[in-house]
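A.B. asks: First the structure, then my questions, so here it is.
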Amino acid sequence: MRIILMFLLLPMCSYAQEERIIEITSNSQGDNNVFLIVDTPPRFKGGEQKQVKFYEKISKFDIPKRHERGFPVYFQIVVNEDGSISNVEIINDPSQFLVNEVTRIIKLMPLWVPGRINGKAVKLG
């Protein structure tokens, strides 16, 4: 039996932005702000094609093409100001085996290009 793993690239979604910024402040000093809307969204270094190649190289499973069916694992991450990934949250749970594989791959991701507001790198979640 061949297992196929599919990722939903939540941070890669395109969306229209308004002239407002939504910010979540976790402490009074403001050094852990997480933004939900930015001028420039974070991206995988090298773009979506490099991201797919990374998944194909690292994953223990075949990554399906867009027209193929697989077992989707939906996840959410925070891309920090330095491009590192934190706060990994698995949205669905098709199986603990697949959740473990996705978590393993996310931990191996290289640094991302961080999101920016007014040219300044910010944490986006």
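Using mature numbering (1 follows the signal peptide of the UniProt record, and there is no 0), the letters of the sequence shown correspond one by one to residues -16 to -1, 1 to 109.
Cβ coordinates follow ideal geometry from the N, Cα and C atoms, glycine included.
Contact between the stretch 31 to 38 and the stretch 78 to 87 is defined here as three or more beta-carbon pairs at a separation below 8 Å; is this criterion met?
C.D. replies: Output reads no: the stretch 78 to 87 does not touch the stretch 31 to 38.
A.B. asks: From this set, Asp23, Ser43, Pro56, which residue's C-alpha is nearest Pro74's C-alpha?
C.D. replies: Contrary to the premise, residue 74 reads as Ile rather than Pro in this sequence. If we check each option's Cα against that of Ile74, Pro56 comes out closest.
A.B. asks: Find the nearest neighbour of Val86 within the set Arg100, Val97, Pro26, Asp46, judged by alpha-carbon distance.
C.D. replies: Ranking Arg100, Val97, Pro26, Asp46 by Cα distance to Val86 puts Asp46 first.
A.B. asks: So, Phe19 versus Gly99, is the Cβ gap smaller than 8 Å?
C.D. replies: In this structure, Gly99 lies closer than 8 Å to Phe19 by Cβ.
A.B. asks: Glu65: which of Tyr39, Val97, Ile89 sits nearest, CA to CA?
C.D. replies: For the residues Tyr39, Val97, Ile89, the minimum Cα distance to Glu65 belongs to Val97.
A.B. asks: Do you know whose CA, among Met93, Val63, Gly54, lies nearest Ile42's CA?
C.D. replies: Taking only the C-alpha atoms, the option nearest Ile42 is Met93.
A.B. asks: So, for Gly103: in the same chain, excluding its five sequence neighbours on each side, which residues have a beta-carbon less than 6 Å away from its beta-carbon?
C.D. replies: Closer than 6 Å at Cβ, skipping near neighbours: no residue.
A.B. asks: Tell me the rounded alpha-carbon separation between residue 172 and Leu95.
C.D. replies: Residue 172 is absent from the structure shown; the chain starts at -16 and stops at 109.
A.B. asks: Would Lys107 be called buried (16 or more neighbouring beta carbons within 10 Å of its own) or exposed?
C.D. replies: Classification for Lys107: buried.
A.B. asks: Between which two residues does the alpha helix (DSSP H) holding Ile42 run?
C.D. replies: Ile42 -> alpha helix (DSSP H) spans 31 to 42.
A.B. asks: Could you pull the DSSP bridge partners for Ser70 from this structure?
C.D. replies: In the DSSP output, where bridge partners are listed per residue, Ser70 has Val62.
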